[in-house]
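Engineer:
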Amino acid sequence: MNIGTLKANADGVHIGRIVTMAFAATIALREFVSTNERAPAFDVMALSADRRSWVKVGALWEYSSNDTGEVFLSGRVDDPSLDKPIDVAMFRQEDGAYNVAWRRPQRKRTLPGMASEGEEALPPLNATATGSEPEQPGSTVGGDGLGESTAPSPKAKTKAKETADA
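full-length UniProt numbering puts the first residue of the sequence shown at 1, with every later residue one more than the last.
1. Exposed or buried, arginine 51, counting other C-beta atoms within 10 Å across all chains shown (16 or more means buried)?
2. Can you grab the Cα-Cα spacing for the pair tryptophan 54 / glutamine 106, in whole Å?
3. Going by Cα to Cα distance, which pick from Leu47, Ser81, Thr35 and Ala89 is closest to tryptophan 61?
4. What number of angstroms, rounded off, separates the C-alpha of glycine 12 from the C-alpha of proline 124?
5. Using the DSSP secondary-structure output, state which residues sit across from glycine 75 in a beta bridge.
6. With DSSP as the reference, identify every bridge partner of aspartate 43, one or two as the case may be.
7. Measuring straight from C-alpha to C-alpha, what distance separates isoleucine 27 and alanine 46?
8. Quick check: what's the CA-CA separation for leucine 78 versus lysine 56?
9. Tell me which residue opens and which closes the beta strand (DSSP E) that threonine 20 is part of.
10. Just checking my contact of proline 80 with alanine 59 at CB under 8 Å: how many whole Å lie between their CB atoms?
11. Can you give me the C-alpha to C-alpha distance between arginine 17 and threonine 5, rounded to a whole angstrom?
12. Cα separation between aspartate 43 and phenylalanine 23?
13. Over the uninterrupted beta strand (DSSP E) stretch that includes alanine 8, give me the two end residues.
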């Protein structure tokens, strides 16, 4: 779903508006210069409510389509007024403008071999077992997950000291 368009101004900065049912903002793309290959290509800047300054509200990374080779920008726009960040993709048009598309995150898919609803579920995970060790007889479930201590209790140390002193 298209929620906005950004066009280059006289200085070559892409500026435009994004509008949803609950959010409307004037945004601009500021190139992000870094030697880190994982750094974003652009910061998404929004014009503040008083229209006196720009505020960073997101970042965009550059990707290319596996099928067509088309280059596009993808990232998030976030603001304290939003319940959740908005995932966006920006596609360059023939005139150099960007169309801003909103996308809903996909639900997590179950991993292959994992039981789905109605199938046999995995056994409960014992909180006190470590690694692949089986549960020990007499061990307690719960606690801090560290298992039973082999150190004597503080009371036992005090009695042992009193006995030794006598």
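All C-beta atoms in this analysis are idealised placements derived from N, C-alpha and C, irrespective of residue type, glycine included.
Structural biologist: Concretely, from the data shown:
1. exposed
2. 31 Å
3. Ala89
4. 58 Å
5. Leu60 and Val88
6. Arg30 and Ala59
7. 4 Å
8. According to the sequence shown, residue 78 is aspartate rather than leucine. Going by the C-alpha atoms only, they are around 9 Å apart.
9. Note, threonine 20: premise wrong, no beta strand (DSSP E); not H, not E.
10. With a Cβ gap of about 17 Å, proline 80 and alanine 59 do not count as contacting.
11. 6 Å
12. 19 Å
13. 2–8
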